[in-house]
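Below is one structure, written out as structure tokens; comments come after it.
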Amino acid sequence: MSRRASILATGSHVPARILSNEDLEKIVDTSDEWIVSRTGIKTRHISGPGEYTSVLASRAAANTLAAAGLAATEIDILIVATVSAEMTMPSCACLVQKELGAIKAFAFDINAACSGFIYGLSVAEKYILANPQLKVMVIGAETLSTRVNWQDRNTCVLFGDAAGAVLLGSSDQGDGIVAEKLFSDGTLYNLLYMDGAQSLNPALRNEEFEGSLIKMVGRDVFKYAVNAMENAVRAVLAQAGVAIDEVRLVVPHQANIRIINKLTQKLGVDPEKVYINVTKYGNTSAATIPLALDEANREGRLQSGDYVILCAFGGGFTWGATLIKWQ
Ligand code: UT7
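Under the working numbering, the sequence shown has 200 at position 207, and the numbering climbs by one with no breaks.
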């Protein structure tokens, strides 16, 4: 049986504070009716003081270690996918390493926006295939509440804060990552971006500058997202020789219920097999897939030998899909 990088355990963490659509009605000119009908989102979790991205990430990782029955000192590589770390340097992953006491690990971040988690899985897989002894923690964590313009109703209603994680190791039982396909198109970067604290940013020298906030042309992003994820899923299934009917669960990036429904329809997959939790959490960028995967796992939606498809789309543009045989 071929050796694969397999998910040994999952975990997640969300901050306690919940922001409802009714709460948002008091902040910007919006309504529960608009938000639910256009996005499916009802609530999102928002970090409080001190609940930085690395803090959410550390808690998700600690829960994953507890589920795996492993100590932090047994992690060899620690990868955090994020676009909202509280510091530019050191990496969020190094802060998580410190918090967990994962002294053996080397740690680094990945920036692929909402696709960051599946990019992280891809990197982890390559290390594990090269050395089956390795244990790799891949975390998707964001506090996008610190990166939205709370005066911009086009974006502030969409995002939330969360972290999710998986621990990967080697398996020769047939389970693990079966196929994956990643894509990027930097020519479309200006449809979804966040100004960085870079020397190239003249706004930083402007006293009026209010921070590095998300900017998005939502309607265009919507169209690209559906087509890109559909093509990525089809490519991965074709690569593996697996039919969509053989897949037990599709865990798509949770940005908007209309994107997910459209994708479900285009793929011709039974809606019962598509995991949705955007209603509760909003779009948590790199955290959506590991958070959903952990919830699905804890709800008993995944049995040994099941095929699971992950698919993501985000700023960059970046997108892709991963086919996993559950352990
Ligand atoms: O994570 C990956 C990246 N992100 C995404 O995948 C998000 C992709 N895009 C979307 O999900 C959708 O495009 C949105 C939810 C962002 C917007 O939905 P839409 O159906 O594309 O609406 P729209 O942007 O075309 O706006 C329609 C109207 C506009 O008013 P006018 O110009 O028609 O008078 C907006 O000003 O809705 C207005 N609007 C709002 N109204 C009430 C925009 N935001 C709001 C709001 N409340 N929060």
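All C-beta atoms in this analysis are idealised placements derived from N, C-alpha and C, irrespective of residue type, glycine included. The structure presented is a predicted model; accordingly, all values stated were derived computationally and were not measured.
Looking at the DSSP output, H6 shares a beta bridge with A156. The C-alpha of Y274 lies about 35 Å from the C-alpha of Q166. Between V129 and D102, the C-beta spacing is not below 8 Å. The beta-carbon separation of S51 and R140, rounded to 20 Å, does not stay under the 8 Å limit for a contact.
Residue pairing by DSSP places S177 opposite T311 in a beta bridge. DSSP, read as helix, strand or coil, puts D102 in strand.
DSSP lists L242, I317 as the bridge partner or partners of V301.
Inclusion of Y217 and V243 in the CB contact set at 8 Å is not warranted, their separation being larger than that value. The Cβ atoms of L71 and A98 lie closer than 8 Å to each other. Between the beta-carbon of Q247 and that of N220 there is about 18 Å, and that puts the pair past the 8 Å contact cut. For the pair V7 and N270, the Cα-to-Cα distance works out to about 13 Å. Taking I68 as the centre and dropping the five residues before and after it, the same chain places the C-beta of A95, K97, A98, K128, M130 closer than 7 Å to its C-beta, in chain order.
Shown here, L127 sits in coil according to DSSP, grouped into three states, outside any helix or strand.
Assigned with DSSP and collapsed to three states, N142 falls in coil, not helix or strand.
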